[in-house]
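Undergrad:
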Amino acid sequence: MVEISEREEDLPDLEIAKLLKIAVEHPEIISLGPGEPDFPAAKEIIEHTKKIAHKVSHYSPPGGRKEFKQAIIKKLKKENNINADENQIVATCGSQEALLLSAACCLDVSEQILLPNPGFMAFLPTFELFNANPRFIKLNEETGYSINPDDIKKKIDKKKTKVLLINSPSNPTGNVLSKKILEEIADISIENNLTIFSDEAYEKIIYDDTKHISIGSLNGMNQHVATFHSFSKTAAMCGYRLGYVAAPHKLAEAVKNTHIYSTICAPTISQMLGTKALKMGNKYVKKMVNEYDRRRRMMIPRLNQMGISTPMPKGAFYGFGNVTAFEKNSKKFCVKMIKKAKVAAVPGIDFGPAGEGHVRFSFATDYKLIEKALDRMEAFLHKYK
Ligand SMILES: Cc1ncc(COP(=O)(O)O)c(C=O)c1O
67 MVEISEREED
77 LPDLEIAKLL
87 KIAVEHPEII
97 SLGPGEPDFP
107 AAKEIIEHTK
117 KIAHKVSHYS
127 PPGGRKEFKQ
137 AIIKKLKKEN
147 NINADENQIV
157 ATCGSQEALL
167 LSAACCLDVS
177 EQILLPNPGF
187 MAFLPTFELF
197 NANPRFIKLN
207 EETGYSINPD
217 DIKKKIDKKK
227 TKVLLINSPS
237 NPTGNVLSKK
247 ILEEIADISI
257 ENNLTIFSDE
267 AYEKIIYDDT
277 KHISIGSLNG
287 MNQHVATFHS
297 FSKTAAMCGY
307 RLGYVAAPHK
317 LAEAVKNTHI
327 YSTICAPTIS
337 QMLGTKALKM
347 GNKYVKKMVN
357 EYDRRRRMMI
367 PRLNQMGIST
377 PMPKGAFYGF
387 GNVTAFEKNS
397 KKFCVKMIKK
407 AKVAAVPGID
417 FGPAGEGHVR
427 FSFATDYKLI
437 EKALDRMEAF
447 LHKYK
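Residue numbers (my numbering): 67 to 451.
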C-alpha cells in the first residue's frame, strides 16, 4: 500500500477548496470566493495564442526565453524602478513556483522565515514543505493590516531568521504598504542580513491615489530582495501559469538551477504570450481595475452597513471583513452562509490564526451578482442565530 509522507499529511486542510467545490456543484450559490480575475485574458493575447501554436513545442532555457527576459527588464525599470540584468531574472510557472524555488534556495531545515498573518494561504505550506520554520507577524485590523516594523524586530532571531516575506498589495487584506514602512523594513533587512521575499502579484490592482512601491527599488536593497511577479492577476492569465522572480545574481542562479529539477522551464507558449502582454502595456489592466473599483465602492460600504466591519481595500480584489458581531468561528459562519443565504466566501482561518473571526469577500465577480449576494446576506444576517 502507498504510504504518504508526513510532510504531505501535515499540509493544511483548507476550507476554501471544500466551499468552492460546493459552490460549483450548486449553480444557485453565488460565489464571492474567487481568487482570480473574472475577466478573460485580453483578446490580443487569445488571438496571439492561436498564431504561435505551431512554434511552441520545445523547452525554453530554464531561466526563460531571451526576449521575454528583455521585456521584463524594461518593465521592471519603467514600472518598478528596479534595475536588473538577464541573469537576475527567472521565468517560472506562476509566481507561486518562483516562491517555492526561492524557498528551496534560501532556507535550510529549521531556519526561520517571518510571514505576515493573515496572509495568502499558500505561504505557510510552501515553507513547511522545506522543513523551514515559519513564524507569524500578526497584522492588525486597526492599522488596516499594515505591518509594524517593531513587530518584525521582536521576532528576529539573529542566528535563525533568514527571510522576511511581504505581500503588497495583500491577499487577503487589500493593504498596500507605504513607502515609509517599506523603508523601515529595508533598514531592518540590512541590519539583520535578512533576505526579503516581496510578493507583488497584485502590483497593478490598486485604487484611488495609492502607489505601489517595490521594496527592491529602495536604496541598498538590490542585494537583499527577491521580487515575485505574476501574469495571473494583472494580465488575467492565471491558466497560462506564468510569473517570474527578479533577484540578486547568486539567488537567481540558484533558482534557475533548481528549476531544472522542478518543471525545467516555464511553458514556452506562455513566455511568448507574456512578452506580448508586456509589450501591450497597461490598458487592459486599467480597464479591469476600473471595474473592480466600481464593485469595491459598492460592496465594502454595504458589508459595513450589515455589521461586517471591513476596511476599504487599497489594492487587490478582496474585502476582509470582521464577522465576530455574528460568529467568532469563520468556518461556521461561512458554512451557515452557504447553506442559508446561498453565498460562498472564504473563512479567514484559511489565512492563518490571525484571520479567524474574519471572512474574505472577493469582488472578482460580476457587479450584479455581487449585489444579489449582498441582498441575500443582508436578509440572512438580519435573523442570524
Ligand atoms: C498573494 C499571492 N501570491 C501569489 C499567488 C499565485 O500567483 P500565480 O498564479 O502567479 O502562481 C496568488 C494567487 O492567488 C496570490 O494571491
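A virtual CB, placed ideally from N, CA and C, is assigned to each residue, including glycine.
#1: CA-CA distance, residue 141 and residue 342?
#2: Which residues in the same chain as residue 134 place their Cβ atom closer than 7 Å to its Cβ, once the five residues preceding and following it in sequence are excluded?
#3: With a threshold of 7 Å (Cβ to nearest heavy atom), would residue 331 be considered close to ligand 1?
#4: Any idea what DSSP makes of residue 312, helix, strand or coil?
#5: So is residue 376 buried or exposed if we call it buried at 16+ other beta carbons inside 10 Å?
#6: Is the separation between the beta-carbon of residue 125 and that of residue 330 shorter than 8 Å?
#7: With which residues is residue 201 paired in a DSSP beta bridge?
#8: On the CB-based measure, 16 or more other CB atoms within 10 Å of its CB, does residue 425 come out buried or exposed?
#9: How is the alpha helix (DSSP H) around residue 156 delimited, first residue to last?
#10: I need the DSSP call for residue 432, collapsed to helix, strand or coil.
#11: Thinking just about the alpha-carbon of each residue, which of 197, 245, 215 is nearest to the one in residue 205?
#12: Could you work out which residue in 418, 234, 151, 195 is closest to residue 132 when comparing CA atoms only?
#13: Given a cut-off of 8 Å, decide if residue 384 and residue 240 are closer than it, judged by their beta-carbon atoms.
#14: Could you give the distance in angstroms between the alpha-carbon of residue 301 and the alpha-carbon of residue 118?
#15: Going by alpha carbons, who is nearest to residue 434 out of 364, 387, 411, 416?
#16: Since residue 334 sits in a beta bridge, which residues does DSSP pair it with?
#17: Could you pull the start and end residues of the alpha helix (DSSP H) that residue 396 belongs to?
#18: What does a CB cutoff of less than 8 Å around residue 388 pick up in its chain, not counting 5 residues either side in sequence?
#19: Counting C-beta neighbours from all protein chains within 10 Å, is the total for residue 42 16 or more, i.e. buried, or is it exposed?
#20: At a threshold of 7 Å, does residue 267 count as lining ligand 1 (C-beta to nearest heavy atom)?
#21: What's the gap between the Cα of residue 139 and the Cα of residue 79?
#22: For residue 173, which residues of its own chain have a beta-carbon under 8 Å away from its beta-carbon, when the five flanking residues on both sides are left out?
#23: Closer than 7 Å by C-beta to residue 143: which residues in its own chain qualify, once you throw out the five before and the five after it? Chain order, please.
#24: Within the present structure, is the beta-carbon of residue 386 separated from the nearest heavy atom of ligand 1 by less than 7 Å?
#25: For residue 223, which residues in the same chain have their Cβ closer than 7 Å to its Cβ, ignoring the five residues on either side in sequence?
TA: Taking the structure as given:
#1: Here residue 141 refers to the residue found at position 75 of the sequence shown. Here residue 342 refers to the residue found at position 276 of the sequence shown. Distance between the alpha carbons of residue 141 and residue 342 is about 12 Å.
#2: In the sequence shown, the residue the question calls residue 134 occupies position 68. Once the five neighbours on either side are set aside, the close Cβ partners of residue 134 are 157, 337, 340, 341.
#3: As a working mapping, residue 331 is identified with position 265 in the sequence shown. Checking every heavy atom of ligand 1 against the Cβ of residue 331, none is found closer than 7 Å.
#4: Position 246 of the sequence shown holds residue 312. Here residue 312 sits in strand by DSSP.
#5: Indexing the sequence shown from 1 puts residue 376 at position 310. Residue 376 comes out buried.
#6: Taking the sequence shown and counting its residues from 1, one reaches residue 125 at position 59. Taking the sequence shown and counting its residues from 1, one reaches residue 330 at position 264. Yes, the pair counts as a contact, with Cβ atoms nearer than the cut-off.
#7: Position 135 of the sequence shown holds residue 201. Its beta-bridge partners are 180.
#8: Translated into positions along the sequence shown, residue 425 becomes position 359. Classification for residue 425: buried.
#9: Translated into the one-based positions of the sequence shown, residue 156 becomes position 90. Boundaries around residue 156 are those of the beta strand (DSSP E), 155-158, since no alpha helix (DSSP H) includes it.
#10: The residue labelled residue 432 in the question sits at position 366 within the sequence shown. Reduced to three states, the DSSP call for residue 432 is coil.
#11: Along the sequence shown, one-based indexing puts residue 205 at 139. Out of 197, 245, 215, 215 has the C-alpha closest to the C-alpha of residue 205.
#12: For the purposes of this step, residue 132 is identified with residue 66 of the sequence shown, where counting begins at 1. Closest by C-alpha distance to residue 132, out of 418, 234, 151, 195, is 151.
#13: Sequence index remark: in the sequence shown, residue 240 carries index 174 (1-based). Sequence index remark: in the sequence shown, residue 384 carries index 318 (1-based). Cβ atoms of residue 240 and residue 384: closer than 8 Å.
#14: Locating residue 301 in the sequence shown gives position 235, counting from the first residue. Locating residue 118 in the sequence shown gives position 52, counting from the first residue. Cα to Cα, the separation comes out at about 18 Å.
#15: Position 368 of the sequence shown holds residue 434. Distance from the Cα of residue 434 is smallest, within the candidate group 364, 387, 411, 416, for 364.
#16: Within the sequence shown, residue 334 is the residue found at index 268, counting from 1. Paired residue(s): none; residue 334 is not in a bridge.
#17: Position 330 of the sequence shown, counted from the start, is the residue given in the question as residue 396. Per DSSP, residue 396 is one residue of the alpha helix (DSSP H) stretching across 396-402.
#18: Mapped onto the sequence shown, residue 388 falls at position 322. Excluding sequence neighbours, residue 388 sits near 207, 374, 375, 376, 423, 424.
#19: The requested residue 42 does not occur in the structure, where the chain is confined to residues 67 to 451.
#20: Working through the sequence shown from its first residue, we reach residue 267 at position 201. Yes, Cβ of residue 267 sits closer than 7 Å to a heavy atom of ligand 1.
#21: Locating residue 139 in the sequence shown gives position 73, where the first residue counts as 1. Locating residue 79 in the sequence shown gives position 13, where the first residue counts as 1. Roughly 38 Å separates the two Cα atoms.
#22: As a position in the sequence shown, residue 173 is number 107, starting the count at 1. Setting aside the 5 residues that flank it on each side, residue 173 is surrounded in the same chain by 179, 193, 196, 198, 228, 229, each with a C-beta closer than 8 Å to its C-beta; the list follows chain order.
#23: Against the sequence shown, residue 143 aligns to sequence position 77. Closer than 7 Å at the Cβ level, and outside the excluded window around residue 143, lie 149.
#24: One-based indexing of the sequence shown puts residue 386 at position 320. The answer is no for residue 386.
#25: Numbered from 1 along the sequence shown, position 157 holds the residue referred to as residue 223. Cβ neighbours of residue 223 beyond the five flanking positions: 178.
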